[in-house]
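In the numbering used here, the protein residues as written are 6 to 497.
Here is the structure we will look at, set down as structure tokens.
Pasting the structure below:
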């Protein structure tokens, strides 16, 4: 077996070993594509990448593949990304590391020249990683602002409270499903693909992608505006029915059609243009190696990092039996009043919810979720965790100015009833309101032997019972969030 057949067999062996070793992450990745409407388009991207490679095959056959040492370094860096994701409990980084490792496998077994000829398909594969749901709150807010502006331009009265809009026809929420994030991410994948096929000029490619993304955001806001205008004319129930019929992939297809028709006159890549120019890829391959050296090293790297993750991932430490919360001066323990509220702490080893009141009648609730260690499905920072339980009727409305560095936000319950909540993540003994800082602290603790325990600390108050001001005063009387965390963990 010589030439291309030998190198493709080595690629199949190395890629197959990587996929087998990281089968959990592969299953999670494919599960997200299959079950999440935001990333369903990735199921189409896999054959699209295969088509891009097949399109280049006539040119690839003229190149000589080689085993390539620099790609082994790429493979090690990719495995390091996976390890960081494993240690920090960030599935996104693990999946990103998996895709990078597969890229490294291509480079290690096929060489520099082939990698350069496959740069676009390899780079395009990065869009298989489910990135972008973090944009949901921003897109909700942006859609709400544009919709209200359009309503005012249309002569209709509208009042906005976070992502909730009140008109004469009724009460509307720009929910997560209405944020347009699924269409925005799908449009990014489509626009990058179309820009590569239709344009040669890099400025035109970048401009096309930017316009396509902007058109998607604007179209989503127009859809929300149209739904509220329809509610003014035909009533809210009929408008919702029209929206559900029209809004979907048909709507997205119409947006794509409009973008492509608008950009068609500026296409500058001929239909018969070669997929890739290999005329500059001649000459000897630098840093090439022998299969008997490169392949064993490339196979050993993932095993090494999996072993490292196993060594650092199993530590835990017991939590205090009660996770004490002291009653601060000027406050006293009280029974719950108002609409029922409770946070979500999946996988927590301990949960606590206490209520306090002061002489002015203001009330706050203190909730703590305690973890002896963090792992997949039991993390202080995760989607659907914290002050807003997706299974409840409470919904995120708006971000507020931080209280004592905590992540402070306004929640809304149909009624409407407003509630303010401040959240701190306590990782390796330090309280922070930043999800990113908490993830980094968890990473340091796991890799460097810090405290494996973690807390989610939430102080909340209904707007009619004091709201953010009551939270701030309660925190001040308690000595701050860090002092509350130290007492709960019995660090002092």
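Here a beta-carbon is modelled for each residue, glycine too, at the ideal position from N, C-alpha and C.
Since the structure is predicted, the reported quantities are computational estimates derived from the model, not experimental observations.
So who's on the other strand from residue i, going by DSSP bridges?
i, result
"residue 466", "425"
"residue 360", "370"
"residue 376", "459"
"residue 417", "400 and 423"
"residue 437", "430"
"residue 391", "349"
"residue 383", "380"
"residue 178", "169"
Rounding to the nearest angstrom, what Cα-Cα distance links residue i and residue j in this structure?
i, j, result
"residue 6", "residue 72", "Because the pLDDT at residue 6 is just 43, under 50, the model does not fix this residue reliably, and the value given afterwards should be weighed accordingly. Roughly 15 Å separates the two Cα atoms."
"residue 434", "residue 27", "32 Å"
"residue 411", "residue 366", "24 Å"
"residue 23", "residue 87", "12 Å"
"residue 284", "residue 219", "37 Å"
"residue 429", "residue 130", "36 Å"
"residue 462", "residue 476", "13 Å"
"residue 49", "residue 333", "57 Å"
"residue 501", "residue 243", "Past the boundaries of the shown model lies residue 501; the chain is included only from 6 to 497, so the question cannot be answered."
"residue 373", "residue 495", "14 Å"
"residue 295", "residue 95", "36 Å"
"residue 330", "residue 465", "14 Å"
"residue 257", "residue 36", "23 Å"
"residue 114", "residue 202", "27 Å"
"residue 421", "residue 211", "43 Å"
"residue 480", "residue 16", "58 Å"
"residue 170", "residue 150", "9 Å"
"residue 350", "residue 370", "15 Å"
"residue 143", "residue 152", "14 Å"
"residue 507", "residue 431", "Since the displayed the chain opens at 6 and closes at 497, residue 507 lies outside it and no answer follows."
"residue 358", "residue 298", "59 Å"
"residue 314", "residue 30", "14 Å"
"residue 393", "residue 42", "22 Å"
"residue 484", "residue 491", "11 Å"
"residue 269", "residue 223", "20 Å"
"residue 100", "residue 286", "31 Å"
"residue 471", "residue 166", "18 Å"
"residue 85", "residue 310", "7 Å"
"residue 521", "residue 346", "Residue 521 lies beyond the residue range present for the chain, which begins at 6 and ends at 497; the question has no answer from this structure."
"residue 19", "residue 124", "20 Å"
"residue 229", "residue 109", "44 Å"
"residue 127", "residue 164", "47 Å"
"residue 11", "residue 75", "20 Å"
"residue 9", "residue 282", "19 Å"
"residue 21", "residue 106", "11 Å"
"residue 307", "residue 33", "18 Å"
Using three-state DSSP, classify residue i as helix, strand or coil.
i, result
"residue 344", "coil"
"residue 355", "strand"
"residue 404", "strand"
"residue 336", "strand"
"residue 430", "strand"
"residue 293", "strand"
"residue 222", "helix"
"residue 240", "coil"
"residue 274", "coil"
"residue 327", "coil"
"residue 205", "coil"
"residue 91", "helix"
"residue 498", "Residue 498 is absent from the structure shown; the chain starts at 6 and stops at 497."
"residue 410", "coil"
"residue 4", "There is no way to answer for residue 4, as the model of the chain reaches only from 6 to 497."
"residue 321", "coil"
"residue 6", "Unreliable placement is indicated for residue 6, whose pLDDT of 43 sits below 50; no coordinate value is reported for it."
"residue 17", "helix"
"residue 280", "coil"
"residue 483", "helix"
"residue 454", "coil"
"residue 118", "helix"
Find out if the Cβ-Cβ distance for the pair residue i, residue j is shorter than 7 Å.
i, j, result
"residue 280", "residue 473", "no"
"residue 68", "residue 119", "yes"
"residue 174", "residue 237", "yes"
"residue 272", "residue 135", "no"
"residue 303", "residue 77", "yes"
"residue 192", "residue 221", "yes"
"residue 122", "residue 65", "yes"
"residue 447", "residue 379", "yes"
"residue 460", "residue 375", "yes"
"residue 194", "residue 155", "no"
"residue 397", "residue 168", "no"
Within the region 124-176, note down every full alpha helix (DSSP H) run reaching 4 residues or more, in order along the chain. 124-129 and 141-158
Just to confirm the assignment: which complete alpha helix (DSSP H) runs, minimum length 4, are found wholly within the region 20-74? 28-40 and 47-65
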